[in-house]
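**Q** The structure's right below; bear with me while I get my questions together.
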Amino acid sequence: MFSYAFIVASVVQLCLSTCTGLMLDKVGLRTTKLFSVSLMFVGGLMYAFTRRASSFLLFIGGPLVSWGSLSSLLCNYSINVMFPRFEAIAVSLLAGAYDSSSAIPFIIAKAYPSISIQSSFLILSFVGLVYGVLFALFFLTQHSSEMGKVWKFGLSEDSFADDGKKIYDEPKHEEISVEMRINMAVDNRYPTLKSCIQSWPFALVCVWFMLGLLRFTYFLSQLSGVLKESFKNDTNTADDLLDVSSAFSMCGFLVAPLTGTIMSTSLMTFKKKISRRMQSTEEELTDDDVYWTLIKGLAPVVTLLAVTSLVISCIIFVQEQRWIYYVTFTCLIFMRSILFSSTATMVITAFPQKFFGTMLGVINGIGGAFSLIQYGLLELPMNISNSICVAVSVIIFFPPLYIFIRRR
C-alpha cells in the first residue's frame with residue numbers, strides 16, 4: 276500500500292504545482308509560503324498518527340506533504356534575485372537541499388534509534404512549521420518581485436559606517452547595464468503569459484523536463500526489477516545495490532555546487548559576450564540577439580543532462596556488473612540535480628519574473644502528467660521499455676542543439 280501512496284504523492288505534487296505557481300504570482304510570496312508549510316504540517320501529523328485501521332491517511336498525508344514541500348521550494352527560489360551573478364548556483368543549492376532532505380529522517384533514525392517513527396514525524400512537523408512561519412514572516416517579502424529590492428537597495432550606506440562594507444553583493448555598473456538590457460529584451464518579447472506559453476523556449480524546456488523526468492522516475496520504478504534481472508543468482512548483491520542507491524539519493528546537495536557552477540559560469544560567459552557586443556559600434560544589437568545569446572548559456576548543462584540520461588539508459592543493458600550500477604547511480608544524482616535546477620533557471624532567465632511561479636508550475640504539471648507513461652512502460656518487456664528510454668534520451672539532445680544553432 277505504501278508504494279501506491281508514494282506514487283500518488285509523487286504525481287500530485289507535480290500536477291498541483293500549477294496551482295502553487297498561480298498562487299505565487301497572483302496572491303503573493305509570503306502567503307504561498309505560509310500555505311505550503313501548513314500543508315506539510317497537516318500532512319506530517321497524518322503520517323504520525325496513521326495506523327493499520329487508518330492507513331487511508333497515507334493517501335491524504337502523502338500528497339499534502341509532497342505538494343507542500345515542492346510549493347515551499349518554489350517559494351525559496353525567489354531568493355535567487357538577491358544573488359544576480361550567482362542565480363544558477365543559488366537555485367542548484369536549493370534544489371540539492373530538497374533532493375537530500377531524506378537524509379534528515381535517516382540521521383534521526385541512526386543517531387537516536389530510541390525515537391519512534393511517530394515522534395520523528397511530530398518533531399519534523401512542528402520544527403518545520405515554526406521555521407517556515409518565521410522564515411515567511413521575517414525574511415520573505417509579500418510579493419516575489421519585491422525580493423529583488425532587498426538586494427538592489429539593501430540598507431542605507433550610513434548603516435555600514437562601522438565596517439565600511441556593504442552586506443549585499445552589488446554588481447558593477449557595466450553588469451547593471453547588461454542586466455537592464457537583458458530584462459528589457461525579455462520583457463519586450465513576453466508582455467503576456469500567453470506569449471510565454473506560445474514561445475519556442477517554453478516548448479524546449481517542456482521537452483527536456485518531460486522526457487528527463489520520465490527517464491528519471493521510470494529508472495526508480497524499475498530499479499528493483501532491473502537488479503533482480505541482472506543478478507538472478509545473487510540476490511544479496513541486488514539487495515546491497517538497492518541500499519547503495521538509497522545512500523546515493525541523499526547526496527544531491529553534494530553535487531549541487533558543481534552543477535550550479537557549470538550553469539552560472541556558462542551564463543556569465545554569454546552575458547560577457549552580450550556586454551562586448553553592446554560596446555561594439557559595428558552592429559546593432561536587437562532584442563532577439565540579446566535573448567538567444569543569453570539562452571545559449573543553458574545549453575551546455577542541458578547537454579550534460581542528455582548525456583547522463585543516455586548513459587543511464589544504455590548501461591542497464593549490461594548484466595551482472597556491480598560497478599556499472601555505481602556509475603549509474605552517480606549519473607542519476609547528477610541528472611536529478613540538473614533536471615530541476617536547469618528547468619527553474621531557464622524559467623528565471625528566459626521569462627519575465629512576474630510570470631515565474633505560473634510558468635514553473637505549468638511546466639511541473641505537464642511533466643508530472645507525462646511521467647504517468649512510465650506505468651505503461653512497466654507492463655512492457657524490460658528490453659523493449661529500456662530501448663524506448665534510449666530513444667527518449669536521444670530526443671533530450673534536441674533542445675540544447677536547437678539553442679546552440681538558433682541565432683535569433
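Reading the sequence shown from the start, the letters are residues 276 to 683 in this note's numbering. Beta carbons: idealized from backbone N, C-alpha and C, even for Gly.
1. Is it buried or exposed, Val248, if we count other Cβ atoms within 10 angstroms and call 16 or more buried?
2. So, at 8 Å on beta carbons, what are the nonlocal neighbours of Ser389 in its own chain, with the 5 sequence-adjacent residues on each side left out?
3. Touching or not, the region 537-547 and the region 590-604, by the rule of three or more beta carbon pairs under 8 Å?
4. Apart from the five residues just before and just after Phe477, which ones in its own chain have a Cβ nearer than 7 Å to its Cβ?
5. Between which residues of its own chain and Glu449 is the CB-CB distance below 7 Å, once the five residues before and five after are set aside?
6. Using 8 Å as the threshold, is the region 354-373 in touch with the region 602-616, meaning 3 or more CB pairs across them?
7. Let me know the secondary structure DSSP gives Gln628 once reduced to three states.
8. Under 8 Å by Cβ, that's how I've got Phe494 and Asp374 pegged, so tell me the actual separation to the nearest angstrom.
9. Once the 5 residues before and after Cys606 are set aside, which same chain residues still bring their CB inside 6 Å of it?
10. Over the uninterrupted alpha helix (DSSP H) stretch that includes Thr512, give me the two end residues.
11. Lys629 to Met315, Cα distance in whole Å?
12. Tell me the DSSP secondary structure of Ala280 in three-state form.
13. Between Ser684 and Ser285, how many whole angstroms is the CB-CB distance? I'm expecting something under 8 Å.
14. Leaving out five residues before and five after Ala581 in sequence, what residues of the same chain have Cβ atoms less than 6 Å from its Cβ?
15. According to DSSP, is Phe428 part of a helix, a strand, or is it coil?
16. Cα-Cα, which of Gly296, Phe281 and Ile383 is closest to Ile641?
17. I'd like the span of the alpha helix (DSSP H) that includes Asn351, first residue to last.
18. Entirely within the region 394-420 and at least 4 residues each: give me those alpha helix (DSSP H) ranges in chain order.
19. Consider the C-beta atom of Leu652 and the heavy atoms of the ligand HEM; say whether any pair is separated by less than 7 Å.
20. Please name the residue in Met455, Ile678 and Leu348 whose C-alpha comes closest to that of Gly636.
21. Would you check if the distance between the CB atom of Ile678 and the CB atom of Leu479 is smaller than 8 Å?
22. Whole-angstrom Cβ separation of Met357 and Met422, contact assumed at under 8 Å?
23. Give me the Cα-Cα distance between Cys481 and Ile638, rounded to the nearest whole angstrom.
24. When the Cβ atoms of the region 648-656 are set against those of the region 300-307, are three or more pairs found closer than 8 Å?
25. Per the contact definition of three or more C-beta pairs closer than 8 Å, is the region 566-578 in contact with the region 405-420?
26. By alpha-carbon positions, which one of Phe604, Ser341 and Phe484 ends up nearest to Val577?
27. Just to confirm before moving on: does the CB-CB distance between Thr561 and Phe609 stay below 8 Å?
28. Just tell me which of Val340, Ser499, Thr416 and Thr510 has its CA closest to the CA of Ala323.
29. Anyone know if the C-beta pair for Ile537 and Glu362 falls short of 8 Å?
**A** Answer, in terms of the structure:
1. The displayed coordinates of the chain run from 276 to 683. Any statement about residue 248 would go beyond what the structure contains.
2. none
3. no
4. Cys471
5. Caution applies to Glu449, whose pLDDT of 49 falls short of 50 and renders its modelled position unreliable; the value that the coordinates give is listed next. Ser550.
6. yes
7. helix
8. Their Cβ separation, rounded to whole angstroms, is 15 Å, which puts Phe494 and Asp374 out of contact at 8 Å.
9. Thr583, Val586 and Ile587
10. Thr510 to Ser524
11. 26 Å
12. helix
13. With the chain running from 276 to 683 in the structure shown, residue 684 is simply not present.
14. Ile671 and Phe672
15. Low per-residue confidence applies at Phe428: pLDDT is 40, beneath 50, and the placement is therefore not dependable, though the value from the model is reported in the following sentence. Phe428: helix per DSSP, three-state reduction.
16. Gly296
17. Leu333 to Asn351
18. none
19. What this structure holds is no ligand at all, so the ligand HEM is not there to describe.
20. Leu348
21. yes
22. 6 Å
23. 6 Å
24. no
25. no
26. Phe484
27. no
28. Val340
29. no
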